[in-house]
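Those protein sequences? They're chains Z and F, same order as listed. For the first sequence, counting from 1, position 191 maps to 191 in UniProt numbering; every step adds exactly one. For the second sequence, counting from 1, position 95 maps to 95 in UniProt numbering; every step adds exactly one. See structure below.
2 protein chains.
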Amino acid sequence: MQSYEQSLQQTRKFLLEHDDYLVVSHIQPDGDAVSSTLAVGWLLSCLGKKYTMLNEGPIPQRMEYLWHAGEIANLAEGDLPREYSRVICVDCADFQRVGLTQRHFASDALIVNIDHHPTNNGYGSVNLIKPDAAATAEILFDLLKTFEVEWDIDIATALYTGLLTDTGGFRYSNTSPKVMAAVSELLELGVNGPMLAETLLEEMTLGQVKVLNRALSTLQLSPEGDIAWVSITPQDMLDCEAANEDLEGIVNYPRNIRGVEVGILFKVIHERAVKASFRSAGKVDVAALAQVFGGGGHTRAAGARIDATLEDAIPMVLQEVRRHL
Amino acid sequence: MQSYEQSLQQTRKFLLEHDDYLVVSHIQPDGDAVSSTLAVGWLLSCLGKKYTMLNEGPIPQRMEYLWHAGEIANLAEGDLPREYSRVICVDCADFQRVGLTQRHFASDALIVNIDHHPTNNGYGSVNLIKPDAAATAEILFDLLKTFEVEWDIDIATALYTGLLTDTGGFRYSNTSPKVMAAVSELLELGVNGPMLAETLLEEMTLGQVKVLNRALSTLQLSPEGDIAWVSITPQDMLDCEAANEDLEGIVNYPRNIRGVEVGILFKVIHERAVKASFRSAGKVDVAALAQVFGGGGHTRAAGARIDATLEDAIPMVLQEVRRHL
């Protein structure tokens, strides 16, 4: 197994020696995927290389401020005219994550696989993988340092975006000293951190606010104050014109109440099926809890589907949470 | 005017030469005030000095994890037995901010004034003031570096707390490259950043969640989608058993909706008086807006009291906001 430093050098060599690259990231690209795609594009443009950026699916509207974000082709809008024999995949834990963009990979394509997911299986010809990096943007930060290119606010903003989003605004446990040192350097280049935090972390859709309101209206606490839950029905989703992604973060509200150990969002799928999302304040392993119902996840964030009515599901789940407390 | 470096050295000398200090911060101490008090205490304990930490008012419950937080005396619980002739004031923009703790300053007390507020008028015998520091904790970070003491996780956690809270979780415009470089060093010492973010920024009281829900139930948007507002009545406050501080942050919800330029919270004080809190997404100077109603504030966060019923205040305010858009 080669060292990270060796992989950086190997990747550097690949980028210097070839030309005409296809740069792709994963389906439903998030902040780190978009930022990493653009960071590679920015580097290749500095090196005077030809490149094409491509995704299956559109980039999130809120990321349109990024350097050349509009140049990432969206496969949903039509195929590219040709195939590429030099491909750079960023933030894709496995090959299938590139989605339909693989249609444009030549059958003998050389692939560079740049990623931070611990589960990455090394599907590339060159693999630049750092499982303890907070984001793929962190790896690109290191890679770009190996080149003699002058960094500007565009590349700094792209890398900052990846670090900000993949660390949940510098709040998750992957926010390492290295991340913060990198962020310090990026701010020095003029990144507008407050604007990015507002745009990427604080902005909400109207549907999101409305459905949050519906959920909070159903808030209940256990007599001990250690379990709190809210629920959402299909009718709520319709009334609020809310999309599934608008539910993101709602389960944190019951969890964040002082004294609460387990917060739960019950989302009614249909009359006899409920999706329960669990968040733990630390004491309870909600992955184990979710497994009882055939679900899974992480120790502090997990979920399960329960084939029952909401009225039946709630006491069933509460009883199980109580057993885990 | 002496340089910051000179002030650091002068403060260092003061702390080395004397003994038996009183360390105070401002009334209603916040994260930076508490952290800075404890950081000075930690340093003095390393130097083998005698010291007493004192506040008017209790330290917030959520900060009880801090090193020796329980040792900060609360004046509300009774006077100290004596006066002090060596006093260190932290995070107090003017002398009156120390509140009743001044009862325990000897009339000829030497005062060290350590603060980051631009309005600080230099009331100390020694003034260590850096107006562009994000927090008083940032100044203490620099001060502590001038001593040969070994930093541990306790002092790192205290300084991190001050930086985290005074930058709104590293999101305000005072989040400088220097802050992030300091944070990187503090994380290296083992600070549990995710735990601190949860405890200090994400935890809510039950009253807070309930009153947020009430406010969101009143959400309205202008036909253009650029003004959004919510309201809270005295009855809501009673029903939710909410305190005034539970309203903090609510006005961000209307402001954070995509497309909204001005978010407003109308808080009914009594039948004929309403407090309007304004938040701007950037385009509108809400300080100027608030001034129209005899209020004031900053360009992006301001407020005013309007002597009218809620029904009359809303259209009056909306008309004025429209004029500023």
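Quick reminder that beta carbons are idealized off the backbone N, C-alpha and C, glycines included. Only a predicted model underlies this, so the values are computations on that prediction, with no experimental measurement involved.
(request) For Leu219 (chain F), collect the residues of the same chain with a Cβ closer than 7 Å to its Cβ; drop the 5 residues on either side in sequence, then sort them by chain order. (result) Ala228, Val230, Pro254
(request) Output, in sequence order along the chain, the residues in the segment 158-182 of chain Z whose CB is closer than 7 Å to any CB in chain F. (result) Gly169, Phe170, Arg171, Tyr172, Ser173, Thr175, Ser176, Pro177, Met180, Ala181
(request) Show which residues of chain Z have a CB atom less than 7 Å away from the CB atom of Ala197 (chain F). (result) Arg171
(request) Determine contact between the segment 143-154 of chain F and the segment 166-182 of chain F, defined as no fewer than three beta-carbon pairs at a distance below 8 Å. (result) Taking 8 Å as the limit for Cβ pairs, the verdict is that the segment 166-182 of chain F does not touch the segment 143-154 of chain F.
(message) Could you check whether the segment 299-313 of chain Z touches the segment 5-13 of chain F, counting it as contact only if at least three pairs of C-beta atoms, one from each stretch, sit closer than 8 Å?
(response) no
(message) Does any residue of chain F have a CB that is nearer than 8 Å to the CB of Ser231 (chain Z)?
(response) no
(request) Please go through the same chain and pick out, in chain order, the residues whose beta-carbon is closer than 8 Å to the beta-carbon of His104 (chain Z), but skip the five residues on each side of it. (result) In chain order, Leu22, Leu54, Asp79, Leu80, Arg82, Glu83, Tyr84 place their CB closer than 8 Å to the CB of His104 (chain Z), counting only its own chain and leaving out the 5 sequence neighbours on each side.
(request) Identify the contact partners of Asn256 (chain Z) in chain F, using a Cβ-Cβ distance below 7 Å as the criterion. (result) Glu202, Glu203, Met204
(request) Identify which residue in Z:His324, Z:Leu238, Z:Arg323, Z:Leu310 has its Cα closest to the Cα of Val211 (chain Z). (result) Z:Leu238
(message) Check whether the segment 190-207 of chain F and the segment 153-163 of chain F are in contact - that is, three or more C-beta pairs closer than 8 Å.
(response) The segment 190-207 of chain F is in contact with the segment 153-163 of chain F.
(request) Return the first residue and the last residue of the alpha helix (DSSP H) that Lys178 (chain Z) is part of. (result) 177-188
(message) Are there any heavy atoms of the ligand NAP lying less than 7 Å away from the beta-carbon of Ala158 (chain F), as far as the coordinates show?
(response) Ligands are entirely absent from the displayed structure, and the ligand NAP is therefore not among its contents.
(message) Restricting to Cα atoms, I'd like to know which of F:Gly297, F:Ala302, F:Phe293, F:Glu311 is closest to Glu320 (chain F).
(response) F:Phe293
(message) Counting only Cβ pairs nearer than 8 Å, list the residues of chain F close to Glu188 (chain Z).
(response) One finds Pro177 in chain F with Cβ atoms closer than 8 Å to the Cβ of Glu188 (chain Z), taken in chain order.
(message) I want to verify the contact list: residues of chain F whose CB lies under 7 Å from the CB of Ser217 (chain Z), in sequence order.
(response) Asn213
(message) My parser needs the beta strand (DSSP E) runs of 3 or more residues fully inside the segment 261-305 of chain Z; what are they?
(response) Secondary structure within the segment 261-305 of chain Z: the beta strand (DSSP E) runs of 3 or more consecutive residues, fully enclosed, are 262-270, 273-280 (chain order).
(request) Can you tell me which of F:Leu15, F:Asp91, F:Ile269 puts its alpha carbon nearest to the alpha carbon of Gly31 (chain F)? (result) F:Asp91
(request) Mind checking who Leu22 (chain F) pairs with in its DSSP beta bridge? (result) F:Thr52, F:Val87
(request) Give the DSSP bridge partners of Asn74 (chain Z), in chain order. (result) Z:Asn55
(message) Cβ closer than 9 Å: which chain Z residues qualify as neighbours of Pro315 (chain F)?
(response) Within 9 Å Cβ-Cβ: nothing; Pro315 (chain F) doesn't reach chain Z, min ~22 Å.
(message) If the criterion is Cβ atoms closer than 8 Å, does the pair Val251 (chain Z) and Gly259 (chain Z) meet it?
(response) no
(message) Taking the beta strand (DSSP E) that Ser217 (chain Z) belongs to, which residues open and close that run?
(response) Annotation for Ser217 (chain Z): no beta strand (DSSP E) segment contains it, though the alpha helix (DSSP H) segment containing it runs 206-217.
(message) 8 Å is my cut-off, CB to CB: does Tyr253 (chain F) come that close to chain Z?
(response) yes
(message) Along the chain, where does the alpha helix (DSSP H) containing Phe14 (chain F) start, and where does it finish?
(response) 4-17
(request) Would you mind sorting His116 (chain F) into buried or exposed? The rule is 16 or more other CB atoms within 10 Å of its CB. (result) buried
(request) Could you tell me whether the Cβ of Ser184 (chain Z) comes closer than 8 Å to any Cβ of chain F? (result) yes
(request) Given a cut-off of 8 Å, decide if His298 (chain F) and Ala287 (chain F) are closer than it, judged by their beta-carbon atoms. (result) In contact: Ala287 (chain F) and His298 (chain F) (Cβ atoms closer than 8 Å).
(message) I'd like to know if Val34 (chain F) contacts chain Z, where contact means its C-beta is closer than 8 Å to some C-beta of that chain.
(response) Not one chain Z Cβ lies under 8 Å of Val34 (chain F).
(request) Report all residues from its chain with a CB closer than 7 Å to the CB of Phe266 (chain Z); omit the five preceding and five following residues, and keep chain order. (result) Trp229, Ser231, Val274, Ala276, Leu310, Ala313, Ile314
(request) Keeping to the same chain, check which residues put their C-beta closer than 6 Å to that of Ala109 (chain Z); ignore five residues upstream and five downstream. (result) Ser85, Val87
(request) Tell me whether Gln208 (chain Z) is buried or exposed, calling it buried when 16 or more other Cβ atoms sit within 10 Å of its Cβ. (result) buried
(message) At the 8 Å Cβ level, is Val209 (chain Z) part of the contact set with chain F, yes or no?
(response) yes
(message) Within 10 Å of its beta-carbon, does residue 353 (chain F) have 16 or more other beta-carbons around it, so buried, or fewer, so exposed?
(response) Examination of residue 353 (chain F) is not possible in this model, given that chain F is present from 1 through 325 alone.
(request) Note down, in chain order, every chain Z residue with its Cβ under 8 Å from the Cβ of Pro194 (chain F). (result) Arg171, Tyr172, Ser173, Thr175
(request) For the segment 120-181 of chain F, list the alpha helix (DSSP H) runs that are entirely contained and at least 4 residues long, ordered along the chain. (result) The segment 120-181 of chain F contains these whole alpha helix (DSSP H) runs: 136-145, 153-166.
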